[in-house]
Every structure is written in structure tokens, then in C-alpha cells.
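Working notes, structure below.
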Amino acid sequence: MKRTALTALLSHWRRHKLQAVTLVVGLALATGLWTGVQAINAQARLSYDEAAATLTRDDLPRLTGPITLADFSRARVDGWSVTPFIEANIPGTDLRLLGIDPFSSPPGGGVPNLSGAGDLTAFLSGDLVYAAPDLAATAPGLLPSIQPLDDLAPGRVVSDVAAALAILERDNLDALLVLPGREGVTPLTELIPGTRLQPPRAEDDLGRLTDSFHLNLTAFGLLSFAVGLFIVQAAIGLAFEQRRPLFRTMRALGVPGRTLITLVAAELAIITLIAGTVGVLLGYGVAAALLPGVAATLGGLYGASVAGGLTLSPIWWLWGFVMAGLGALLAGGQSLWALSKMPVLAAAMPRAWLRARRVSLRRLGFAGLGLLGASAILLWTGSGLLIGFAGLGALLIGAALLLPPIFAWLLDRGTALSRSPLGQWLWADTRQQLPGLSLALMALLLALATNIGVGTMVGSFRATFVGWLDQRLAAELYLTARDASQAAALRAYLEPRTEAVLPILATEAQVAGLPGDIFAQPDHDTFRDNWPLIAALPDAWDRLASGDGALLNEQTARREDIWPGQRVNLGEVGEVEVLGVYSDYGNPRGQAILTLSLFTSLFPEIPERRYAIRVDPSQLEALRDDIATRFDLPPDGIVDQAGIKSFSLQVFERTFAVTAALNILTLGVAAFALWASLTTLGTMRLPQVAPVWAMGLTRGRLAAMELLRAALLAGLTALLAVPLGVALAWTLLAVINVQAFGWRLPLLAQPVDWLILSAFALVAAILAALTPALRLWRMPPARLVQVFSHER
Amino acid sequence: MNVDYIVKVLVAAVALLWSGGSQAQGFAGLGQGGEGFPLPQPDPTFMFPADHGAHPDYRIEWWYLTAALTGEDGRDYGVQWTLFRSALTPDGPQVWMGHFGLTTPDEHLSGERLARDGIAQAGVRADPFRAWIDEWSLEGDTFDSLSLRAATPTAGYDLSFEAKGPLVFHGENGFSVKSASGQASYYYSQPFYDVSGTLQLPDGPIPVTGQGWLDREWSSQPLEEDQEGWDWFSIHLEDGHRLMAFQLRGGAPFTYASWIAPDGTLTPYYGDDVVLTPLATETVAGRDVPVRWQLVLPSQRLDLTVGAVNAQSWQPTIFPYWEGPVRVTGSHVGRGYLEMTGYE
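Here it is, written out as C-alpha cells:
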């Protein structure tokens, strides 16, 4: 009997194929977006863990300064367990080259037997490098033969350290990593003069920094999941209502209530299995498509390396199904509950569904207002990233809950104001449909608001960032010499030929107790006029020039709450007064600026190698060529302003590419939800439409009115989405960004984008209404007439 | 990004380089890859001190120092320090490898270093003599008076070696044949060192004295492809004689011994003139290794029983082997060192 009963239940989906598709697609989309985001996060975490065990690891002290391979050898012979390390961009490419010494690198545990002795020969001779497979396929000519390595991050190249020096055409290593276990006779800084021993960077730095990014992704994943669930709940609820007669018949034929519930639950399980499979595959696709972007983002923003290939654990696959099941249960639980409470011979009226759905608007209104209030309290008084996201969630859900009461009120006003009978019917009929559509409209509202909010944030960020770049990159040309002697020659040559030669000096140092950098700045109008200070003492520049304090970057100021007038600890420099705070977008580390004369007296061992050159822009081209022919600068030694700007903007664009992609996916899901709701409602609404048709309205006009109604609802939703989106943008810029990245940005309105998005919502709504409208238009009159004969 | 993985791959490559990749190609790659490298020729003329230095044209070379020692506490100790040089290709990069071994009756401490050539991180200078890798070094004004310093995070030694006799040249004046088909190496030793100094053990320093032996050998393909490993003995007898014996195991076994009089006169013995018989094995690092041997040299009326001071003298290095001090009883009494490779 059970089998027959299950067949009877499932036959519903055969007859309502669209509903089945809606349900599975909705659940699969929800699961897919969520698992996709989780896959990206999991891959990133895996990469961080691996990074912790590799040579790039920051948990080792490192010796920096001018160090050659001969110096490395001397340190080894003195007894130090050090290993050389080079990391630099390959000139003319955006490839990141890592040079290592296979003999002194600490080997790990099990040794895979993957390589022949010939590989070692080629590696040591510089004839072989390792790189990610994508790079291996498109090897640029400047690299020797490339051995693909699956779990290498995109754009990374690993070579022997001597080969790296040859490729980069330089003599100096970047650092010696100091491995634990043994110490030499002579202190390293004495053994290799001019070097400095840097303490290990905080071990969890990378994790802490990137956590915020992943939390961001997770929040997006959850939002997508929620939007997807709106579809699922609508579909399951509808299927349940449409099968009320079937349930009644089955109960009447002797199927026990308990069995029926078990069967419906089994049906949910089957749907979960199908949708879960599709969803997990979808998630894999989403992750695989987005991961390179995420890897680039993390690399650009935090210097974190994430492998470009996906390696997923079985747990991840399992989670996909758990989420699908959870979604199905969340969406179907209410129906199951109703089923268990249903009397044996309950009236089999599908309309009861809509009535039952009409949850008291008042209750919704109160819940929505309560959540908005909670959100306001959280965002204004709380601190911390999690609180920020909680406030964000409360804001979004509260606004979504307020949508039906606001719409009901608006539509009631419309009915009251309307003069013509037809107009009144349209308003009233729309109002009557509201309960069935509100879930889909909420989903649309959330998706639109998210788009507006994130779009506004990115737009504001971009405008601020570009303006900031223009200010900060004031010099026309940036030069890097090979060594101090070349630098001196360069400076002597350029000083009479340019407006200013401004040395750029920096060292790693503790800034407010955390690893950071100290930069030197000569006293020059270039900085006084252009350097963007967001807070400063009145005579900040004069006092900086006299060595009477430091400038601090915004991240450190906000994190440590140190502002102009207070004092900051700069490690070996000691405590200095903060004279001003400057914005420093895109830099996760602490940073401080001292005047050049003070810096050189504190760090005499740091040689001058880089210069910012002020020159009349009309002479720039000639000067560039002149320097290139006269001086043998390293390949990346001459960079003009435009070059740096385009590189910075490229990093910026990558940063938000993933966000944009997720945005569009979420919006797509919402449009799908609207389409599904309108389509199912369309078939159920015949009893309402038929009388109007019978009174003489043509099917064409009725169909047009359907479209108009959809456009009206979408337009109203978009109208509500704009203020919500702006609130979201404000939260992201003023709360989340400050917590996640350490900088605050001004909110810049993007009305054109909002208009475009609203238009998109209208088009989406009209497209979504097109199927039911077309069906109505083409409906044989006989079916409309049937409505009256079926009237119960 | 997984640099760790690359390091592992490269270390695997180093291991393969030394081990030859499979048993069929002999231990430590000594049975393969002679192409393009010069081969040792009979009747060599050695030039000293130059020949104490490196011969980079040849594929493989080593400076192999062992010392059988007695501590102030009366216990037996053993010290091994070896510097290997390997040319990856005739004109290509060279790799240096250093091995550290310190054996007590109940402990075996080991260490290993690798280095590239060309940056003076490791190398050998002939005059004044200095062989080094990282901070490990064996050096002295002449080859007759050397000091050895090396340490790992857990153990170390600081020893001086004073030669009480001349260099000896194995085989035919230093041309040492290693198989019936003529594979050979250049091979000479200084077997007459008196040793004194200090061992740094995990429990503290121990002053020691004893006898040392330094082997110098270079070649390009000293083994037959099917020779899978060797057993090598260096023995200081109490009557002042020295004995070096080895057998190469595998498809074409090959046995040899040098009988060295106290004045340095060397008599070579080949084949059945030397009989090496395992008496007892022990499980070492998961394999059966003979740790007790009978060594018979009938023409010298020599019948020795050679037993390991510590049966677990296992060097767990990139290519692993057994290397440790031995006690000698039987027709003569003495002590020495035993090295066994190629046991799986």
C-alpha cells in the first residue's frame, strides 16, 4: 500500500512538471551557491594551512638587507641554519617568482618519489621551474621549461634561488630565513653588515586578515541560500495545497495519517537527494569559476597565496546534502506540520492556502520594526565584525518582513484613490495576490538591496581609491637602482635635470606592537600639497619635517584608536607623537612615516635605492629614455605614475570581481523566484480572472494587466530597495569595512546604477510575468467558462 | 602555494641521485651514470697535497673519516664524519653532502647536510687541508694532523687526529678494482691516526681517545649494475697491523682485503683469499642486517669475529645505511668500523 500511496503522491509532480522543476532548481540553487562559497573558503583555508608549512611562512625570523649567495654561504659556514629566499615579480609580467634553495629548505615528512635525478640537475641549472598548470600551458618565453604543479597558486613560479637571481637579473637575495635549531658563532647582523634581523610576523596575521573576507563570502552564501529557500518554500507550500484533495482521498481510502506523513517526508528526502546532487555539482562549478578571482583577490589584498585548483574533502560534499536537506526541511516543515494537524475530511480548497498564508500583517510589521530597531542598536553601539554582520542581517530581514505590510497599505491606498471600476479591481486584485507573491517579492527586495548596497560600496570605494591614488602618486616617475652606488650616480645625474628627486626609504618595524613598515618622507611640497590626511594637528607638516613626530596610517589609527596628539610605539624608534593620520587603502599592515633626516639617522644601514621624481610631464618621455640608455637599471627599475595606477586599479577590480559575480547570481535567483510564484499563481487565479473576462474584458487586456501588475509590484519593490540598499552600503562602508579592512570610506550615491538596477527589476518582473500572461491570453474561452461550472 | 612539496620532490631527486633509483642499479647510484665522466685508469700517480682536494671531473668522491674510541668512562664510542661530492652531469651542477654519526653502546646519533657547489658553502681545499660543509669541518696544516668539528642539535664532537704512519694505497697502488669486469676507483687511506678529543653527548661531554681511519676515494662508476651493496671493514689490531676488507654483494660478488703492516706495507688479497661470513643478524630499521661477522684471511692466519658495539647503528639519511664501531676478537684482538649498505 505504501508503494501505491507514494506513487500517488509523486504523480503530482508528473502532472505539475514546472512545479517540480521550480522546487528542484530552487533547492539546487540555494545549495549550490552556499556550497560554492564554502568550497572557496575551504580551499583558501587549506592554502593558508599549507602556507604555514612552507618557505613563505611568516613565523620565522628573517634577515633582510643586502645579502648575496656568498653571504648566505658564510652564514651557513658560521653555523647558522638559514635558507635563502627571493620573492619578486618577474619583470614585464605579473608572475610572482619564488626562489628557494632545495638543500637548506626544511623538508617535510614523507618524501614522494615523483622526480628523477634529471629534474634536480635542470632545477639547479635554472632549466626547470615549477608553476601552476595554467601557467605551464601558456609559458612565456622568458622562463625555461615549466613543470606543472597542481596546488601552486596561479601566477606563482618556483625556481632555484640562483636561477631566480639570474631571471631577475640581480645579485641580492630578499632575505635569509632563520630556521630554529642551531645558532652560529657570530651574530648574523655582524656577519653580514648592513642587514637587519626581523622578528617573525604574527602567525595568525594572515588568518585574521583574510577571515573578514571569508566572513563576507559566507554572508553572501547565506543570503543566496535564504533567497533560494524563498523559492523552495513557495513551491512546497503550493504543492501541499494543491494536493489537499489527494490527501483527503488517501486518508478516506484508509492511509493512516502517520503513514501519510512518513510518505511526504520520504518524498522530501527524494527531492533533497536530487536537488542536493544538482546543487553540489552547481556549487563545484560556481567555486571552480570564481576561485581564480578569489585567489587573485586574496593575493592582491593580503599577499595570501591560494592554489587555483579545487581539492575538496568528502565532508564538503556531505555538507552540500545536509544543507539541501536542511533547506527542504525548513521549507517543507510547515507543510508537514499542517498535514499532521489536518482533519481527515478537511475541505479540499486550495484557496485555503492563500488564506492561511495571510499571516497577520500587523504581526509581520511589528517583527520587521523590531528587527530594524535591533539592527540600529547593534550597528550604532556594537563593535566587531560579527556584530556588524548580525546588524546587517537584522536590517535586511527586518526590511523584508516590512515589505508585505507596506505593500498592503500602498495597495489599499491605491484602491481607495482609484476612480474607475477596472482600476479599483486591478488594485484590489493585486492586493489580494500579495500573500502569494510576498515571499518572491521579499527575495527580490533582498537581492536588489544587496546589489544596490554592494554596488554603492564598490562605487564609493573606487571613486575614493582613484582620487586617493591621484593624490598619493603625485610624482611622475619612480626609479629603483640596483644598489647604493648606482643610486648615488642616478641621484647626482637627475638632480640638476628634474624638479625634485625624492628618496623613498622604508624598513619593516613594529608599529603599535604589530609588524608593519616605517617609511621615510623628505620635506617637500609634493607631500604637503598632495598627501591625504584624514586627521591632523594644525602644524603637522612642519613638526614632521623637524622630526617631532610621525604620521600614522588609518588602519593602525582605527585598530589601536591612536589619533593625532596621542603617542604611538614604533618599535626600536620608540614612542613618538602622532601628527596626522593618512588613508592607506589596500594595505593590511601598520605603517608610519618619519621625516627623511630622522629616518636616516635611526636606520643608517638602509641604503637609498628608490626615488620618486618630479618632472615636467612634457619632459617625462625624454627623461625616461635618457635614464634607460644611461643607466643599467633593473628591468622593473623605471615605473611611471600611469603604470603604478593601472596596476593598483587592476588589483582593485579583481578584489570585487567575485562580489559582483555573486551579486548577479543572487539577483538571478530572485528573478527566478518571482517567475515561479507568478506562474503558479497564474494557474490558481482563474476563479478571480474568469468573472472579469465574463463581464467583457478581453483576454488580451487581462494579460496586459497581468504584466502591468508585475511591473507595478517590481517597481514598488525597487523603490523600497533603494533606501534599504543605501542603508546596507552605509553599514558596509562605515561598519563592516572599518572592522574588516581598517579604513572608512565616504558614501557616494550612485543614482545611475540604482536606476539601471530598478530597470532591471522591472524587466525581470515583466519577463517573469510573461509566461502566465501569455498563457492567459491564449487560454481557450472554454477553460474560462469551466471555472463557473467548477465553482464550488 | 606549496613550496614544501617542491622541496620534498627535490629531496626525493637528491635521494634518487644517491640511491640510483632502484636496487638493480646498485647502492647510492654507484652502478650507473658514468657516461661522459672520466674513468679511473690503472697505475695512477698521486700528487700530494693536491690529490687530497676535490676531483670535480669525476662523478663521485668522498672523504670518509671513522674513529673507534674509548671514553674516560671506559665505554666504547664511534665517530663517523663523511663529506661526499657528486657531479650531477659532467659539466653541470655539483652537490655536496655531509654525514655525521656518533655511536655509543646504546645510542646512535646522526646528522646530514646538503649544499650546492660554487658558493663555498661546502668544499675541499688541499693545502692547507680543509674539508667543510656548513660549520662542519675537517682541517689541518697537513693531512697528518687534522681536527674535526661537527655538531647536530643533540650531539657533537671536537677531535684531533695525528697520523702515526704513512698513507696506504689499496688495490694496485691506489687503483682499486670493484668487480670482475673491471669497475674501479682511486682509493687510498690514512689508517694510522691516533685520536683524542671530546664528544658532546645529550648527557654531557665525554673525553675520548682511540684510533681513526680516513678513506679517500673517487670514481665515476665503481660498481657493476647488479651489485646491490657492500660490507666494508676497517680494523685496527692491537699488534699494530691494520686491515681493510670489503665485499660487494649482488649478481657478481667481489671480495677484497688490504693487509697493512705497522710500517705501512700493504698486501692486497682478492676473491677466495678473503672470506666474510655473517654470523648473526638483527632487525635494524625494519630490515635484517648482519651485525656479527667472521672475517678469515688464511694466508695471514687471521680468523676474526667482528661484532657491533651497537647493533642499531643506523644512519637514517637520504640514502640510509648501517655504520658503526666494532669490537674484534678471535685470532687477533682489536677494534674498528663496519659499514653495510644495500640491505632492504
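Note that the protein sequences, when read in sequence, are chains W and B.
One rule links them: number in the working numbering = place in the first sequence (from 1) + 4.
One rule links them: number in the working numbering = place in the second sequence (from 1) + 83.
Idealized CB from N, CA, C, for every residue including glycine.
Every value quoted in this text rests on a predicted model; they were computed, and no experiment measured them.
Report task. May I ask you to list, following chain order, the residues of the segment 220-249 of chain B that have a beta carbon less than 9 Å from some beta carbon of chain W? Result -> Residues of the segment 220-249 of chain B with a C-beta atom less than 9 Å from some C-beta of chain W are S220, A234, T235 and P236, listed in chain order.
Query raised in the report: Mapping DSSP to helix, strand and coil, what is A169 (chain B)?
Result: Before going further, note that residue 169 (chain B) is Ser rather than Ala in the sequence given. If DSSP states are grouped into helix, strand and coil, S169 (chain B) belongs with the strands.
Query raised in the report: Cβ atoms of R174 (chain W) and Q204 (chain B): under 8 Å apart, would you say?
Result: no
Query raised in the report: Taking all protein chains shown into account, do 16 or more other C-beta atoms lie within 10 angstroms of the C-beta of L390 (chain W), making it buried, or fewer, making it exposed?
Result: The residue is exposed, with fewer than 16 neighbouring Cβ atoms inside 10 Å.
Query raised in the report: Beta-carbon of Q283 (chain B) versus every beta-carbon of chain W: anything under 8 Å?
Result: For Q283 (chain B), no Cβ of chain W is located within less than 8 Å of the residue's own Cβ.
**Report entry** Helix, strand or coil at L118 (chain W) [DSSP, three-state]
**Finding:** In this predicted model, L118 (chain W) has a pLDDT of only 33, less than 50, meaning its place in the structure is not dependable; the value taken from the coordinates is given anyway. Three-state result, L118 (chain W): coil.
Report task. At 7 Å on the CB atoms, spell out the chain B contacts of V81 (chain W), in chain order. Result -> Q204, W215, D217 and E218
Query raised in the report: Since G407 (chain B) sits in a beta bridge, which residues does DSSP pair it with?
Result: B:L421
Report task. Could you check how far apart the C-beta atoms of S163 (chain W) and V133 (chain W) are, in whole angstroms? I think they sit under 8 Å. Result -> At roughly 4 Å, the Cβ-Cβ gap stays under 8 Å, so S163 (chain W) and V133 (chain W) are in contact.
Query raised in the report: Along the segment 166-192 of chain B, what residues have a CB closer than 8 Å to any CB found in chain W?
Result: L171, T172, G175, P176 and V178
Requested in this report: Since I believe L481 (chain W) is in contact with A634 (chain W) (beta carbons under 8 Å), could you give me their beta-carbon distance rounded to a whole number of angstroms?
Outcome: Reading the sequence as shown, one finds Arg at residue 634 (chain W) and not Ala. Going by Cβ atoms, the distance from R634 (chain W) to L481 (chain W) rounds to 14 Å, so no, they are not a contact pair.
Query raised in the report: Closer than 7 Å: is that where the CB of G175 (chain B) sits relative to any heavy atom of the ligand ATP?
Result: This structure lacks the ligand ATP, and indeed carries no ligand of any kind.
Query raised in the report: Of all the beta strand (DSSP E) runs that stay within the bounds of the segment 221-287 of chain W, which reach a length of 3 or more residues?
Result: Within the segment 221-287 of chain W, no complete beta strand (DSSP E) segment of 3 residues or longer occurs.
Report task. Output the boundary residues of the alpha helix (DSSP H) element that contains T775 (chain W). Result -> P755 to R782
Query raised in the report: Hey, is S129 (chain W)'s beta-carbon within less than 8 Å of any beta-carbon in chain B?
Result: At least one chain B Cβ lies under 8 Å of S129 (chain W).
Report task. For L152 (chain B), return the contacting residues in chain W, with the cut-off set at a CB-CB distance below 7 Å. Result -> Correct list: empty, because the minimum Cβ distance to chain W is about 24 Å.
Query raised in the report: At least one CB of chain B closer than 8 Å to the CB of T190 (chain W): is that the case?
Result: With 8 Å as the cut-off, T190 (chain W) does not count as an interface residue toward chain B.
Query raised in the report: From A786 (chain W) to A777 (chain W), what distance separates their C-alpha atoms?
Result: 17 Å
Report task. Could you check the C-alpha separation between L653 (chain W) and G459 (chain W) for me, to the nearest Å? Result -> 17 Å
Query raised in the report: By a C-beta neighbour count over all protein chains shown, 10 Å radius and 16 as the cutoff for buried, is N45 (chain W) buried or exposed?
Result: buried
Query raised in the report: Short check: CB of L227 (chain W) to CB of T670 (chain W), under 8 Å?
Result: yes
Query - Short CB-CB distance (under 8 Å) between A137 (chain B) and chain W - result: Not an interface residue.
Query - Boundaries of the alpha helix (DSSP H) in which M180 (chain B) is found, first to last residue - result: Per DSSP, M180 (chain B) belongs to no alpha helix (DSSP H); it is in the beta strand (DSSP E), Q177 to T187.
**Report entry** Rounded Cβ spacing between Y141 (chain B) and W301 (chain B) (contact assumed at less than 8 Å)
**Finding:** 5 Å
Query raised in the report: Going by beta carbon distance, what residues of the same chain come within less than 8 Å of L685 (chain W), once the five residues before and after it are set aside?
Result: Same-chain partners within the cutoff: Q437, G440, L441 and P776.
Query - Per DSSP, the bridge partner or partners of L148 (chain B) - result: B:W164 and B:L297
Query raised in the report: A335 (chain B) and D314 (chain B) look like a contact to me (Cβ under 8 Å); what is the Cβ gap, rounded to whole Å?
Result: Not confirmed; about 15 Å, so no contact.
Query - Bridge partners - G206 (chain B), DSSP secondary structure assignment - result: Answer by DSSP bridge pairing, in chain order: B:W215.
Report task. State the DSSP-derived secondary structure class of G287 (chain B), mapped to helix, strand or coil. Result -> strand
Query raised in the report: How about L284 (chain B) and A233 (chain B): are their beta carbons less than 8 Å apart?
Result: no
Report task. Rounded to whole angstroms, what's the CA-CA distance from T735 (chain W) to L396 (chain W)? Just pull it up for me. Result -> 7 Å
Query - Own chain partners of H319 (chain B) with C-beta closer than 8 Å, once the 5 adjacent residues on each side are dropped - result: Cβ neighbours of H319 (chain B) beyond the five flanking positions: A151, P274, Q294, W296, R325, G417, R418 and G419.
Query - DSSP state of F89 (chain W) mapped onto helix, strand, coil - result: strand
Query raised in the report: How far does the beta strand (DSSP E) with H16 (chain W) in it reach, from first residue to last?
Result: Note, H16 (chain W): premise wrong, no beta strand (DSSP E); alpha helix (DSSP H) at K6 to R19.
Requested in this report: Note down the Cα distance separating R417 (chain W) from R367 (chain W), rounded to an integer number of angstroms.
Outcome: 20 Å
Query raised in the report: Name the DSSP beta bridge partners of E581 (chain W), please?
Result: W:R571
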